[in-house]
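Numbering (this note's numbering), first residue to last: 6 to 340.
C-beta atoms are modelled at their ideal positions from N, C-alpha and C, and glycine is treated no differently.
Quantities reported herein were computed from a predicted structural model and do not represent experimental measurements.
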């Protein structure tokens, strides 16, 4: 059974010292302090330690094959987005990250597909980099759940959504820059509570802002199983119905109508929650995802799905068919 993990992250082995070059900012750089690992340093502060499977493409392929998985869709680690940088500097960072990703894809065409990153702080440069990503052979893009606290319904992003439609480039939305981050840092709450809320924030922004109505060919996948969106749809719908003066001011369509219009990944860590999601969106809208190589992800690459009592067709949809449809790729590519 073909398995395509559509949500994995990479970090280039060597990152430029962007802060030194640009003269400002808490850009990430790596300190390779021992063989097989490196410390991520944000500005001058330690952020986390990563292992060589964050950058070693051959090591990743070998590890994935032990999980019965052939293909990884790779994208940058969100902390590298650097949306706060000056537009031209952000574009340079994006180009560097995308060149590193496509180098891996070209070296291992049977094992990797690439999602590009964009300088979202400048929609004009974002469109330019989207066009370059398409020419490089990227199959889509990854963006954050908000752009420097701006929600995705803002009119300034419309030109990018239009370009995604025109170029047939799907997008994955990944939580980052979690609101309230500095007030809830204890107990890892930004990752446990903030990230699911961020993904729902992005979904509601697209729905209430009418983005899915204005750009009906836009193919969106919400990471981490849609965050808290599906589990709180009753509250979201009730708010739409009881206070349309606050909620339905830009789009009169009930938010529940959009369930099934977008994809989600399978990172629930819970078979019952996955079954709930299946009831909501169907197997053709759930894509295998892991968040590899980070420990909060599903590092068994869907083994809990494989071991479940779900029908074989549902498993085939999650493991490959839904991913291929979202990306617009024919299954014969990997036969």
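Query: Assigned secondary structure, residue 121 (DSSP; H/G/I helix, E/B strand, else coil); Result: strand
Query: Limits of the unbroken alpha helix (DSSP H) element including residue 6; Result: Element bounds for residue 6: n/a, residue is neither H nor E.
Query: Among 62, 171 and 298, the one whose alpha carbon lies nearest that of residue 116; Result: 62
Query: Contact set for residue 205: own chain, Cβ-Cβ below 6 Å, skip 5 residues either direction; Result: 232, 233 and 234
Query: Own chain partners of residue 105 with C-beta closer than 6 Å, once the 5 adjacent residues on each side are dropped; Result: 17
Query: Close Cβ partners of residue 72 (< 6 Å) along its chain, the five nearest in sequence each way excluded; Result: 306
Query: Alpha helix (DSSP H) runs contained entirely in the region 124 to 205, provided each spans 4 or more residues; Result: 128 to 141 and 163 to 172
Query: Residue 42 - DSSP class collapsed to helix/strand/coil; Result: strand
Query: Cα-Cα separation between residue 144 and residue 36, rounded to whole angstroms; Result: 31 Å
Query: Anticipated Cβ contact below 8 Å, residue 276 with residue 302, distance rounded; Result: Rounded, the Cβ-Cβ distance is 16 Å, inconsistent with contact.
Query: Nearest residue (CA-CA) to residue 283, options 211, 246 and 269; Result: 269
Query: Beta-carbon spacing of residue 122, residue 81 below 8 Å; Result: yes
Query: Beta-carbon proximity check, residue 148 vs residue 119, cutoff 8 Å; Result: no
Query: Length at least 4, wholly inside the region 279 to 340: the alpha helix (DSSP H) runs in chain order; Result: 308 to 311, 317 to 321 and 327 to 332
Query: Beta carbon of residue 289 nearer than 8 Å to that of residue 255; Result: no
Query: C-alpha distance - residue 89 paired with residue 21, whole-angstrom precision; Result: 17 Å
Query: Spatial neighbours of residue 210 in its chain, beta-carbon cut-off 6 Å, leaving aside the 5 residues before and after; Result: 156, 157 and 158
Query: DSSP state of residue 264 mapped onto helix, strand, coil; Result: coil
Query: Counted within 10 angstroms of its Cβ, other Cβ atoms place residue 94 as buried (16 or more) or exposed; Result: buried
Query: Cβ shell of residue 31 (< 6 Å), same chain only, five flanking positions each side left out; Result: 47 and 48
Query: Cutoff 6 Å; reference residue 15; Cβ partners in own chain excluding five residues on either side; Result: 79
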